[in-house]
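Reading through the structure tokens given below for one structure.
There are 2 protein chains.
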Amino acid sequence: MASDHTRSAILAAAERLYADRGFGDVTLRDIVAEANVNLAAVNYHFGSKDELIAELFVTRSIATNRERLRELKAAEEAGGGRAPIEVILRALVGPTLRGCLGPENQRSTSARFMIRASIESVPPIRRIKNREIDHLRKFAGAMRRSLPDRSDVDIYWGLNFALAMAHHTIRESERLTKLSEGKCDLDDVEDVVQRVVSVATMALTAGKAEAKGLSKVAAR
Amino acid sequence: MASDHTRSAILAAAERLYADRGFGDVTLRDIVAEANVNLAAVNYHFGSKDELIAELFVTRSIATNRERLRELKAAEEAGGGRAPIEVILRALVGPTLRGCLGPENQRSTSARFMIRASIESVPPIRRIKNREIDHLRKFAGAMRRSLPDRSDVDIYWGLNFALAMAHHTIRESERLTKLSEGKCDLDDVEDVVQRVVSVATMALTAGKAEAKGLSKVAAR
DNA sequence: TTGCAATTCAAACACTTGTATGAAACTATC
DNA sequence: GATAGTTTCATACAAGTGTTTGAATTGCAA
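If you're matching them up, the sequences are chains A and B in order. Heads up: the first sequence at position 136 corresponds to 136 in the UniProt record's numbering, and the numbers run straight through without jumps. Heads up: the second sequence at position 209 corresponds to 209 in the UniProt record's numbering, and the numbers run straight through without jumps.
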């Protein structure tokens with residue numbers, strides 16, 4: 001037990017280094033040097049390098065998922081088991097975006113770490129992400145209840161696109177800033193959330209007939 | 001010069017192995033074994049492992065970009081310098097989606113390679129992607145001409161979301177299939193293209209006032 | 001055929017990596 | 001204050017990495 005000082009020093013150092021330099025070129029030796037602990041301490045406390053990475057990611061990702069579900073549950077309860085689609089989508093993408101975007105200078109280490117995790121996607125992290133499906137299913141369920149007329153397929157596509165916009169914006173935030181020459185303000189997180197939610201809502205509520213007709217005309 | 005047999009054998013073997021097993025655990029020794037050539041041949045013909053990867057990615061990515069620009073140019077010429085936004089968006093995401101999705105059994109090696117490149121994103125590939133901004137700017141320009149009333153910011157967000165949906169769908173195609181229990185048919189590429197284009201079009205053409213109003217109401 | 005450059009080859013190099021070991025230091029309990 | 005359990009430490013290990021070397025081979029031109 002002791003003070004767990006070593007353990008948390010490793011976690012903090014690893015998170016900081018991964019956030020700054022990516023998973024590719026940070027070795028255990030870099031981490032223990034940054035944490036001022038012995039090389040063997042990592043294997044003693046975590047078992048392996050992968051388990052250390054996994055713990056970092058899992059901790060943060062559990063927090064996000066909990067916040068997501070909290071918002072979703074609150075919304076459904078307030079609506080008597082049925083929440084407006086905008087609110088569901090906001091519960092889905094809001095926590096992630098708020099956790100990763102925001103003014104760069106005050107962006108936390110864990111935020112930067114999560115951005116890295118989103119960009120690089122090493123095996124231990126991929127393994128965890130693959131277990132996220134059950135979590136997403138809860139949102140699919142809520143969306144179905146919110147839009148009972150919509151087909152399952154449309155629901156899944158809407159969910160997919162909402163996540164797509166949120167994650168891609170996080171992952172490519174630097175490129176978007178460069179492309180738009182700074183015109184797209186990624187520091188205004190709530191504006192980003194609103195944009196994603198509003199497009200995803202349109203995707204899910206646009207008239208089917210209209211879309212079908214459009215497809216007939218525009219298809220090559 | 002000779003027959004370049006060794007060179008192309010290496011390229012083919014590398015592409016196949018990377019496509020199958022990812023960049024993480026394919027070594028030069030794996031590649032030369034698969035290609036039946038000597039270990040030193042890689043460095044002789046390509047200079048380094050990274051340059052080999054870069055050449056693989058660049059070749060394929062140039063082809064996609066050329067097809068994109070071809071479609072864009074054709075559309076703008078047909079419309080006298082101004083193309084419908086749907087067609088521009090289709091030129092943007094169509095080639096990429098067609099190059100990566102489609103029936104799994106007949107998915108080409110290079111298609112699978114590009115999916116890997118999209119998922120794992122190793123340094124040499126990231127470096128190339130970063131040079132893609134000029135290419136995207138051409139699409140931003142066409143979109144501005146197509147929608148002169150739209151603000152630059154809205155254009156960039158629309159572009160960002162279109163790419164988001166296309167790339168995320170490629171990258172997470174397996175998860176979407178699993179999540180939807182096979183209900184989302186990713187083999188019907190033209191349907192996917194249509195969905196992406198249609199949502200992106202909505203994002204770009206939806207009334208501003210409406211969106212603003214919505215944001216006031218729905219913002220937490 | 002001779003000569004010369006391009007190519008192939010086996011071998012080794014120089015490092016880095018994560019992990020394991022076993023002794024030393026520490027901590028808390030009796 | 002001895003003891004048992006935990007934690008730290010220096011060090012070694014074993015394996016794998018991309019890359020380099022210099023000699024052998026090949027293919028083509030003179």
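Just so it is clear, CB atoms sit at the ideal spot from N, CA and C, and this is done for glycine as well.
Below 7 Å between beta carbons: does that hold for residue i and residue j?
i: residue 252 of chain A; j: Phe161 of chain A; result: What the structure shows of chain A is the stretch from 1 to 220, and residue 252 of chain A is not part of that stretch, so it cannot be assessed.
i: Phe23 of chain B; j: Val122 of chain B; result: yes
i: Arg98 of chain B; j: Ala19 of chain B; result: no
i: residue 282 of chain A; j: Ala35 of chain A; result: Residue 282 of chain A cannot be examined here, being either before or after the span of chain A that is shown, 1 to 220.
i: Arg7 of chain B; j: Trp157 of chain A; result: no
i: Leu159 of chain B; j: Ala140 of chain B; result: yes
i: Leu89 of chain B; j: Ala200 of chain B; result: yes
i: Cys184 of chain A; j: Val153 of chain B; result: yes
i: Met114 of chain B; j: Ala164 of chain A; result: no
i: Leu179 of chain A; j: Ile133 of chain B; result: yes
i: Glu76 of chain B; j: Pro95 of chain B; result: no
Determine the extent of the alpha helix (DSSP H) in which residue i is found, giving its start and end residues.
i: Asn43 of chain A; result: Ala40 to Phe46
i: Arg195 of chain B; result: Val189 to Thr205
i: Asp50 of chain A; result: Lys49 to Ala78
i: Arg116 of chain A; result: Thr109 to Glu120
Return helix, strand or coil for residue i, following the three-state DSSP convention.
i: Asn130 of chain A; result: helix
i: Phe23 of chain B; result: coil
i: Cys184 of chain A; result: coil
i: Ala83 of chain A; result: coil
i: Leu11 of chain A; result: helix
i: Pro148 of chain B; result: coil
i: Gly99 of chain B; result: helix
i: Asp4 of chain B; result: coil
i: Glu172 of chain A; result: coil
i: Asn36 of chain A; result: coil
i: Leu17 of chain B; result: helix
Alpha carbons only, please: which of the options is nearest the one belonging to residue i?
i: Ser198 of chain A; options: A:Val37, A:Arg98, A:Glu174 and A:Pro84; result: A:Pro84
i: Pro103 of chain A; options: A:Arg7, A:Asp4 and A:Val192; result: A:Val192
i: Lys49 of chain A; options: A:Val87, A:Val189 and A:Ile125; result: A:Ile125
i: Arg60 of chain B; options: B:Gly80, B:Pro148 and B:Ser110; result: B:Ser110
i: Leu17 of chain B; options: B:Pro148, B:Asn130 and B:Ser108; result: B:Ser108
i: Val37 of chain A; options: A:Glu55, A:Ile10, A:Glu51 and A:Glu15; result: A:Ile10
i: Ala91 of chain A; options: A:Glu55, A:Glu76 and A:Glu71; result: A:Glu71
i: Arg112 of chain A; options: A:Ile170, A:Gly79, A:Glu86 and A:Ala78; result: A:Ile170
i: Asp4 of chain B; options: B:Glu15, B:Tyr44, B:Glu86 and B:Ala33; result: B:Tyr44
i: Arg175 of chain A; options: B:Val26, B:Glu51 and B:Arg137; result: B:Arg137
i: Arg21 of chain B; options: B:Glu120, B:Leu52 and B:Lys73; result: B:Glu120
i: Asn130 of chain B; options: A:Arg131, A:Glu86, A:Thr177 and A:Val189; result: A:Thr177
By Cβ distance below 7 Å, which residues in the same chain neighbour residue i in space, the five residues on each side in sequence not counted?
i: Leu173 of chain A; result: First, the amino acid is wrong: residue 173 of chain A is Ser here, not Leu. If we look at Ser173 of chain A and ignore the five residues flanking it on each side, its Cβ neighbours are Leu101 and Leu186.
i: Asn65 of chain B; result: His135
i: His167 of chain B; result: Ser118
i: Glu15 of chain B; result: Leu56, Thr109, Ser110 and Phe113
i: Asp30 of chain A; result: Leu17
i: residue 221 of chain B; result: Residue numbering for chain B in the displayed model covers 1 to 220; residue 221 of chain B lies beyond these limits and cannot be assessed.
i: Arg150 of chain A; result: Leu204
In chain order, what residues of the same chain have a beta carbon less than 8 Å from the beta carbon of residue i, not counting five sequence neighbours either side?
i: Ala211 of chain A; result: Only weak support is given to the placement of Ala211 of chain A: the predicted model assigns it a pLDDT of 43, under 50, and the question is left unresolved by the model.
i: Ile128 of chain A; result: Ala54, Phe57, Val58 and Ser61
i: Gly81 of chain B; result: Arg145
i: Leu28 of chain A; result: Leu39, Val42 and Lys49
i: Val189 of chain B; result: Leu97, Arg98, Leu101 and Gly102
What residues in its chain sit with their C-beta under 6 Å from that of residue i, if we drop five residues either side in the sequence?
i: Val32 of chain B; result: Leu39
i: Glu86 of chain A; result: Val197 and Thr201
i: Ala63 of chain A; result: none
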